[in-house]
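Undergrad:
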Amino acid sequence: MLSASDLRKNLKIEIDGLPWVITDFDFMKPGKGQAMYRCKMKNMITGSTMDRTYRSNDKFDKPDLDDRDVSFLYYDGNTYVFSDDKTFEEIYVTPEQVGDQAKFLIEDAKCTILLHNNQAIHVELPNFIEKQIQYTETAVRGDTTSNVLKPATVDGDIEVQVPLFVNQGDWIKIDTRSGEYSERIKKS
1 MLSASDLRKN LKIEIDGLPW VITDFDFMKP GKGQAMYRCK MKNMITGSTM DRTYRSNDKF
61 DKPDLDDRDV SFLYYDGNTY VFSDDKTFEE IYVTPEQVGD QAKFLIEDAK CTILLHNNQA
121 IHVELPNFIE KQIQYTETAV RGDTTSNVLK PATVDGDIEV QVPLFVNQGD WIKIDTRSGE
181 YSERIKKS
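For reference, each letter of the sequence shown is one residue, going 1 to 188 in our numbering.
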């Protein structure tokens with residue numbers, strides 16, 4: 001059990017069986033009466049937010065959260081299947097839980113899944129993935145006056161803006177958080 005005096009930013013608490021994370025926190029001590037704790041919170045499952053004010057004698061439950069290191073196995077058309085790196089247990093995740101990150105999932109990618117009561121609620125991909133350029137236009141001499149970018153398609157039909165020196169067949173690193181080109185890499 002947590003008390004109101006334990007409240008702080010980024011603390012995870014459980015309200016009505018759902019996990020919430022405190023995104024903003026303010027402590028107020030009026031001249032008379034009990035101290036009050038004003039919190040802005042975000043639901044870790046739905047993403048909805050709410051404001052609540054608590055008194056010093058309020059109590060909270062800790063949510064049953066578990067981070068697991070997993071490897072991506074495959075997508076069966078309805079769910080994404082991951083394997084726990086320690087127990088080899090399969091964990092099934094819906095497309096809604098993976099979200100837009102799905103285009104960056106590659107076979108055997110090392111990810112982290114956050115579980116609440118043994119149900120997946122969030123998937124965190126590695127910060128960078130490596131993909132091969134499937135198609136890009138060749139650079140035209142004289143187009144190099146500044147930091148000029150051109151579109152390139154990598155496997156998985158992902159379009160990324162790359163520098164002019166990147167050619168078809170090259171391998172690049174893509175930042176999964178922003179979807180942007182990071183660097184060209186040498187594959188042997």
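Virtual Cβ for every residue (Gly too), placed ideally from N, Cα, C.
(1) Would you report the Cα separation of Ile133 and Glu180, rounded to the nearest angstrom?
(2) Quick one: residues in its chain with C-beta nearer than 7 Å to the C-beta of Ala120, no 5 flanking neighbours on either side, listed in chain order?
(3) Provide the residue span of the beta strand (DSSP E) that contains Val154, from first to last.
(4) Report the rounded CA-to-CA distance for Glu130 versus Glu107, giving the unit in angstroms.
(5) Can the beta-carbon of Asn136 be found closer than 7 Å to that of Gln161?
(6) Taking buried to mean at least 16 other C-beta atoms within 10 Å of its own C-beta, is Met28 buried or exposed?
(7) I need the DSSP call for Lys29, collapsed to helix, strand or coil.
(8) In three-state DSSP terms, what is Lys9?
(9) Please specify which runs of the beta strand (DSSP E), each continuous and at least 3 residues long, are wholly inside the stretch 74-136, giving them in chain order.
(10) What does DSSP give as the partner residue(s) for Asn43 in the beta ladder?
(11) What residues in its chain sit with their C-beta under 6 Å from that of Val166, if we drop five residues either side in the sequence?
(12) What distance in whole Å lies between the Cβ atoms of Ser182 and Phe128, which are believed to be in contact at a cut-off of 8 Å?
(13) Beta strand (DSSP E) containing Pro163: first to last residue?
(14) Could you tell me whether the stretch 68-82 touches the stretch 22-39, where touching means 3 or more Cβ pairs closer than 8 Å?
(15) Measure how close the beta-carbons of Lys210 and Ser3 come, nearest whole angstrom, since I'm counting them as under 8 Å.
(16) Alpha carbon to alpha carbon, what distance is there between Ala139 and Val148?
(17) Going straight from the alpha carbon of Cys39 to that of Lys62, what length do you get?
(18) Going by C-alpha to C-alpha distance, which of Asn57, Lys186, Asp175 sits closest to Gln101?
(19) With a CB to CB cut of under 6 Å and the five nearest residues on each side skipped, what residues in its chain are close to Tyr74?
TA: Reading off the structure:
(1) 14 Å
(2) Ile91, Val93, Gln97, Ile113
(3) 149-154
(4) 11 Å
(5) Before going on, a small fix: residue 136 reads as Thr here, not Asn. Contact flag unset, no.
(6) exposed
(7) coil
(8) coil
(9) 80-84, 90-93, 110-116, 119-124, 128-136
(10) Trp20
(11) Arg184
(12) 6 Å
(13) 158-163
(14) no
(15) With the chain covering 1 to 188 only, the question about residue 210 has no answer from this structure.
(16) 10 Å
(17) 16 Å
(18) Asp175
(19) Val81
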